[in-house]
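Residue numbers (the working numbering): 2 to 178.
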């Protein structure tokens, strides 16, 4: 199966093409330029594997939560490819996917995937490490103090991009080590 995957819930935008056991990954180098770069990233990934867009069997995309603009650009691009090629669209819930990928490497009882939104606010959810596909909360949104009020930070692994920017999370990581 030849699959185009688009991850657009945050920055940077990334695309990957999987074909015959090989994967070509392209990551946007400049933030906030998804609309300008998504097609060239897809083209570069296809070119790297020497395949044509007509060889795609499906398109997969993260469905969020995340940056509304990036999600809209990614989703419209994915739907455009699917419509033009008459191929299926596979949507992937971002927070469960993050948790599923991290759970084999986590030793705490709980996992909270975080996607930074703006001004210290995050999209998040709570998962038991033993059941990474089943959220314990509804999709939530809040600041770190609001998140800490809902979970025990000492029994929880916080995962996400660029989390070193928040000292509160670094303190937790250091004290748990």
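Backbone N, C-alpha and C define an ideal beta-carbon position, used for all residues, glycine too.
Same chain, Cβ closer than 8 Å to residue i, five either side skipped, listed in chain order
i, result
"residue 26", "15, 16, 17, 46"
Contact set for residue i: own chain, Cβ-Cβ below 6 Å, skip 5 residues either direction
i, result
"residue 3", "20, 56, 57, 58"
"residue 28", "13, 15"
"residue 157", "109, 111, 113"
"residue 65", "10, 72, 95"
"residue 133", "100, 101, 104"
"residue 43", "16"
Sheet register partners of residue i (DSSP bridge)
i, result
"residue 149", "Residue 149 is not bridged to any residue."
"residue 136", "128"
Residue i classed as buried or exposed, judged by whether at least 16 other C-beta atoms fall within 10 angstroms
i, result
"residue 48", "exposed"
"residue 69", "exposed"
"residue 53", "exposed"
Where the alpha helix (DSSP H) through residue i begins and ends
i, result
"residue 48", "35-49"
"residue 72", "69-86"
Residue i - containing beta strand (DSSP E), residue span
i, result
"residue 101", "Where residue 101 is concerned, there is no enclosing beta strand (DSSP E), although the alpha helix (DSSP H) it sits in stretches over 95-103."
"residue 117", "111-119"
Close-in-space but distant-in-sequence residues of the same chain around residue i (CB under 7 Å, 5 per side omitted)
i, result
"residue 164", "115, 170"
Touch check for the segment 38-45 and the segment 91-101: three-plus C-beta pairs under 8 Å? no
Does the count of Cβ pairs from the segment 106-121 and the segment 77-85 closer than 8 Å reach three? Note that the segment 106-121 does not touch the segment 77-85; fewer than 3 beta-carbon pairs, one per stretch, sit closer than 8 Å.
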